[in-house]
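Inspection log for the structure reproduced underneath, given as structure tokens.
Number of protein chains: 2
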Amino acid sequence: MIIGIMGGGQLGRMLALAGYPLGLEFRFLDPNPDAPMRRLAEQITGDYSDVQLLRKFAEGLDLVTWEFENVPLESAHFLEQRVEVYPPPAALEAGQDRLIEKTFFKTESVPTTAFLPVESLFDLEDALVRIGLPAVLKTRRMGYDGKGQAVLRQKADIKAAWEALGGIPLLLEAFVPFQRELSLIGVRGRDGETAFYPLVENHHKEGILHLTLAPAPRLTQELQDEAANHLGRVMEALDYVGVMAMEFFEVNGKLLANEMAPRVHNSGHWTIECAETSQFENHLRAIAGLPLGDTEAVGCAAMVNLIGEIPDPADVLGMPDTHLHLYGKEARPGRKLGHITLRAEDEAVRDTMLLALKGFLPGVDW
Amino acid sequence: MIIGIMGGGQLGRMLALAGYPLGLEFRFLDPNPDAPMRRLAEQITGDYSDVQLLRKFAEGLDLVTWEFENVPLESAHFLEQRVEVYPPPAALEAGQDRLIEKTFFKTESVPTTAFLPVESLFDLEDALVRIGLPAVLKTRRMGYDGKGQAVLRQKADIKAAWEALGGIPLLLEAFVPFQRELSLIGVRGRDGETAFYPLVENHHKEGILHLTLAPAPRLTQELQDEAANHLGRVMEALDYVGVMAMEFFEVNGKLLANEMAPRVHNSGHWTIECAETSQFENHLRAIAGLPLGDTEAVGCAAMVNLIGEIPDPADVLGMPDTHLHLYGKEARPGRKLGHITLRAEDEAVRDTMLLALKGFLPGVDW
Numbered sequence: 000m001i002i003g004i005m006g007g008g009q010l011g012r013m014l015a016l017a018g019y020p021l022g023l024e025f026r027f028l029d030p031n032p033d034a035p036m037r038r039l040a041e042q043i044t045g046d047y048s049d050v051q052l053l054r055k056f057a058e059g060l061d062l063v064t065w066e067f068e069n070v071p072l073e074s075a076h077f078l079e080q081r082v083e084v085y086p087p088p089a090a091l092e093a094g095q096d097r098l099i100e101k102t103f104f105k106t107e108s109v110p111t112t113a114f115l116p117v118e119s120l121f122d123l124e125d126a127l128v129r130i131g132l133p134a135v136l137k138t139r140r141m142g143y144d145g146k147g148q149a150v151l152r153q154k155a156d157i158k159a160a161w162e163a164l165g166g167i168p169l170l171l172e173a174f175v176p177f178q179r180e181l182s183l184i185g186v187r188g189r190d191g192e193t194a195f196y197p198l199v200e201n202h203h204k205e206g207i208l209h210l211t212l213a214p215a216p217r218l219t220q221e222l223q224d225e226a227a228n229h230l231g232r233v234m235e236a237l238d239y240v241g242v243m244a245m246e247f248f249e250v251n252g253k254l255l256a257n258e259m260a261p262r263v264h265n266s267g268h269w270t271i272e273c274a275e276t277s278q279f280e281n282h283l284r285a286i287a288g289l290p291l292g293d294t295e296a297v298g299c300a301a302m303v304n305l306i307g308e309i310p311d312p313a314d315v316l317g318m319p320d321t322h323l324h325l326y327g328k329e330a331r332p333g334r335k336l337g338h339i340t341l342r343a344e345d346e347a348v349r350d351t352m353l354l355a356l357k358g359f360l361p362g363v364d365w
Numbered sequence: 000m001i002i003g004i005m006g007g008g009q010l011g012r013m014l015a016l017a018g019y020p021l022g023l024e025f026r027f028l029d030p031n032p033d034a035p036m037r038r039l040a041e042q043i044t045g046d047y048s049d050v051q052l053l054r055k056f057a058e059g060l061d062l063v064t065w066e067f068e069n070v071p072l073e074s075a076h077f078l079e080q081r082v083e084v085y086p087p088p089a090a091l092e093a094g095q096d097r098l099i100e101k102t103f104f105k106t107e108s109v110p111t112t113a114f115l116p117v118e119s120l121f122d123l124e125d126a127l128v129r130i131g132l133p134a135v136l137k138t139r140r141m142g143y144d145g146k147g148q149a150v151l152r153q154k155a156d157i158k159a160a161w162e163a164l165g166g167i168p169l170l171l172e173a174f175v176p177f178q179r180e181l182s183l184i185g186v187r188g189r190d191g192e193t194a195f196y197p198l199v200e201n202h203h204k205e206g207i208l209h210l211t212l213a214p215a216p217r218l219t220q221e222l223q224d225e226a227a228n229h230l231g232r233v234m235e236a237l238d239y240v241g242v243m244a245m246e247f248f249e250v251n252g253k254l255l256a257n258e259m260a261p262r263v264h265n266s267g268h269w270t271i272e273c274a275e276t277s278q279f280e281n282h283l284r285a286i287a288g289l290p291l292g293d294t295e296a297v298g299c300a301a302m303v304n305l306i307g308e309i310p311d312p313a314d315v316l317g318m319p320d321t322h323l324h325l326y327g328k329e330a331r332p333g334r335k336l337g338h339i340t341l342r343a344e345d346e347a348v349r350d351t352m353l354l355a356l357k358g359f360l361p362g363v364d365w
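As given, the protein sequences belong to chains S and E, one line each in that order. Taking numbering that gives the first Met the number 0, the leading residue of the first sequence gets 0, the next gets one more, and so forth. Taking numbering that gives the first Met the number 0, the leading residue of the second sequence gets 0, the next gets one more, and so forth.
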């Protein structure tokens, strides 16, 4: 079975590494000739909207999937006429536009922060009256890793925020004083079977994920069930196939959905070593119509993103139970270059290891 | 770092899959254009003794290693003049010639079965007087998976065995009434650091490995230490770098070394999911001069080879805690096409799972 993957970044690379043992083969479409998946599989290099390339890409494939949610919808629909595409392209719409996403959460009774669309300065002032301060102004499309956002704490912030983001479709959201950020990775098979990894705790800095603790400390069955219910409903409504991630704010013991990602997710990288089946393998099992793999954690984990710089591999690998993943990318400030996963039998040991690892990572402040 | 690998079979393929996350890249040399590593890395296709190809292969590599022990010695020496080669080519000699191997065991005080070289029918008759019946006549070179062997139980067997194998250098070995077969995988770094996986129990059929139980049932610290001592001495004597496997017979609670393999080994495939660090990653860490990874088992495992035919992946993957590895090879009787690893928290659960798996594998009789 040959699977086409839109996007050849680290997520695509890790999908291929997980898929070869299952006997799967891969073809990637990515505009970057130096994409992380290079050398690991066949690559078609060019634009995601190039119809000629899409035709060539689809030729002889059994399935198409993607590793990022900003795949052009028209491209997904074009491919769908030629080859099976999983997840269903409908999931891209919610993944690409925050207004559609939040409206979808509301329709599916998934609790989320209050929100209003903003098209003009007038809309913004009106929305602020209804939502109140503090609030967050966000672009509806193409926001990721904290880009395209402005926090409004007082009326005086309105002008600057509008100047920074105005002119394209926006959304105003209530600012939620949350206790922590959690995320859930779920997977749904072609037959509707679902499985969920344990909730994890995420630490962001300037909108970029820096650290994931898995399972989340102080995780209760109640909280896990609440999260799985929300994500399960969303996947069901979309007749979803594959891995989906949902990010939550925990507010006084309850969950508010922040966003969803219709793909494998950075907060699930720990599953490679510390879950019975990785999120990458489970995404492939789901889309290939195979039974899902077990999602339970094997011990507990910390996943640390390597952002902008890579420590000396010898230092990292000299630590016990430590696993290094490099993506083959050139170093650049703010860029995700790799990650490290620590595996321990309990949280106390994990936290001690994390402290030791910190010594090799100048500049981190988790 | 680009690592050249001689041989692109399943072992090479699994080396590459383990090495990409470490940021390593690979180039393979293999005469088979359809080798299992195809699509996964650059391949140079042709004969292992072709000097022109070897030159092209070595160009720009940081290191060379191999996945099989029958790499021509002259090729290893040729490469050694151009690029660092690990393990040291001297290890190939013992890996290629059973007389050198057994003599080496003797020199290093590693207990092994009695043996005598046989060049003629006269030698054979003489050796039989000194070693006694039953005995095993083996070719000195190119024996693998049970090929090139004949068991002599009575004097009448001599003629047939000589006719089958005679004319090339042979070895007569005492036939040992062993209780079981065990093997040990060890790894030695460039700085002499060593680490050993737990001893495992192997079940062969017609000389081909069918099943590995890891760690070996009823494994005592004493037996583990005995095995590690033997393998450690051998690696030390060769100033070895990389993973080495040693196969043992257990005879009344003591170990007799049967053979060594200067490479990653089929009886170590369980380490991918059920050891903290896999044998493949540890081989690469060792030869790349990185610290070795932890070798402890995470739970207990059974590894089942898929020989000659592949069951329906959906059946296999429908079982809990079950991991499938296919090598991308065309089915052919007696050919290793893949393996399955079961991971469990204890031996009782593992054995129940193994029984369930048997239902999907017609023809197995372990």
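Positions of the beta carbon are idealized from the N, C-alpha and C atoms, including for glycine.
For residue i: DSSP bridge partner residues
| i | result |
| --- | --- |
| Ser182(S) | Val199(S) and Glu246(S) |
| Met302(E) | Thr211(E) and Thr340(E) |
| Glu24(E) | Ile1(E) |
| Asp29(E) | Thr44(E) |
| Leu34(S) | The sequence as given places Ala at residue 34(S); Leu does not occur at that position. Answer is none; Ala34(S) lacks a bridge partner. |
| His371(E) | Chain E is shown only over 0 to 365; residue 371(E) falls outside these bounds and no answer can be derived. |
| Leu171(E) | Leu115(E) and Leu136(E) |
| Arg187(S) | Thr193(S) and Gly241(S) |
| Ala296(E) | Ala274(E) |
Endpoints, beta strand (DSSP E) assigned at residue i
| i | result |
| --- | --- |
| Lys253(E) | Lys253 to Ala260 |
| Pro88(S) | It is not in any beta strand (DSSP E) - Pro88(S) carries neither H nor E in the DSSP assignment. |
| Val150(S) | Gln148 to Leu151 |
| Lys357(E) | Unbroken run through Lys357(E) is the alpha helix (DSSP H), Glu346 to Lys357; no beta strand (DSSP E). |
| Pro116(E) | Phe114 to Val117 |
| Leu62(S) | Leu62 to Trp65 |
Opening and closing residue of the alpha helix (DSSP H) in which residue i lies
| i | result |
| --- | --- |
| Gln223(S) | Gln220 to Leu237 |
| Phe56(S) | Val50 to Ala57 |
| Gln278(S) | Gln278 to Ile286 |
| Thr367(E) | Given a span of 0 to 365 for chain E in the structure shown, any question on residue 367(E) remains unanswerable. |
| Leu78(E) | Leu72 to Glu79 |
| Phe403(E) | This structure gives no information on residue 403(E), because the portion of chain E shown stretches from 0 to 365. |
| Val135(E) | Segment Ala134 to Thr138 is the beta strand (DSSP E) holding Val135(E); no alpha helix (DSSP H) there. |
| Glu275(E) | Premise fails: Glu275(E) is in no alpha helix (DSSP H) and is neither H nor E. |
| Arg331(S) | Note, Arg331(S): premise wrong, no alpha helix (DSSP H); not H, not E. |
| Glu162(E) | Asp156 to Leu164 |
| Gly18(S) | Gln9 to Gly18 |
| Pro176(E) | Here Pro176(E) belongs to no alpha helix (DSSP H), and DSSP marks it neither H nor E. |
Contact test: residue i Cβ vs the ligand ATP heavy atom, cutoff 6 Å
| i | result |
| --- | --- |
| Leu291(S) | Inclusion of the ligand ATP in the displayed structure is not the case, the ligand content being empty and no account of it being possible. |
Anticipated Cβ contact below 8 Å, residue i with residue j, distance rounded
| i | j | result |
| --- | --- | --- |
| His282(S) | Val242(S) | 4 Å |
| Ala194(E) | Thr294(E) | 5 Å |
| Ala163(E) | Ala149(E) | 6 Å |
| Ala57(E) | Gly3(E) | 7 Å |
| Ala296(E) | Pro197(E) | 5 Å |
Residue from the options with nearest C-alpha to residue i
| i | options | result |
| --- | --- | --- |
| Phe248(S) | Glu272(S), Gly188(S) and Val109(S) | Val109(S) |
| Trp65(S) | Lys328(S), Arg331(S), Asp293(S) and Ala260(S) | Ala260(S) |
| Glu246(S) | Gly252(S), Arg232(S), His264(S) and Ala236(S) | His264(S) |
| Glu329(E) | Gly298(E), Ser277(E), Ile306(E) and Asp46(E) | Ile306(E) |
| Ala256(S) | Pro319(S), Thr102(S), Leu10(S) and Glu73(S) | Thr102(S) |
| Arg189(S) | Gly166(S), Val240(S) and Gln220(S) | Val240(S) |
| Val70(E) | Leu60(E), Asp49(E) and Gly59(E) | Asp49(E) |
| Ala82(S) | Trp161(S), Leu60(S) and Ala17(S) | Residue 82(S) is actually Val in this sequence, not Ala. The option with the nearest alpha carbon to Val82(S) is Leu60(S). |
| Arg262(E) | Glu73(E), Asn31(E) and Ala89(E) | Ala89(E) |
| Ser266(S) | Ala34(S), Arg97(S) and Val199(S) | Val199(S) |
| Leu78(S) | Val63(S), Val175(S), Glu68(S) and Leu91(S) | Val63(S) |
| Asp238(E) | Val250(E), Thr219(E), Ala274(E) and Gly191(E) | Gly191(E) |
| Glu100(S) | Leu72(S), His76(S) and Arg140(S) | Arg140(S) |
| Lys370(E) | Glu280(E), Ile207(E) and Leu353(E) | Outside the shown range of chain E, which is 0 to 365, sits residue 370(E), and nothing can be said about it. |
**Asked** Any contact of the segment 195-207 of chain E with the segment 168-186 of chain E, i.e. 3+ C-beta pairs under 8 Å?
**Response** Of all C-beta pairs linking the segment 195-207 of chain E to the segment 168-186 of chain E, three or more are shorter than 8 Å, placing the two stretches in contact.
**Prompt:** Is it true that the segment 117-132 of chain S meets the segment 282-296 of chain S, where meeting means three or more beta-carbon pairs spaced less than 8 Å apart?
**Reply:** Fewer than three beta-carbon pairs drawn from the segment 117-132 of chain S and the segment 282-296 of chain S are found closer than 8 Å, and the two stretches are therefore not classed as touching.
**Asked** Per the contact definition of three or more C-beta pairs closer than 8 Å, is the segment 334-341 of chain E in contact with the segment 293-312 of chain E?
**Response** At 8 Å Cβ cutoff, the stretches touch.
**Prompt:** Do three or more CB pairs link the segment 6-26 of chain S to the segment 316-328 of chain E at distances below 8 Å?
**Reply:** Counting Cβ pairs under 8 Å, three or more are found: they touch.
**Message:** If contact is defined by three or more beta carbon pairs under 8 Å, each pair taking one atom from either stretch, is the segment 223-238 of chain S in contact with the segment 93-110 of chain S?
**Reply:** These segments touch.
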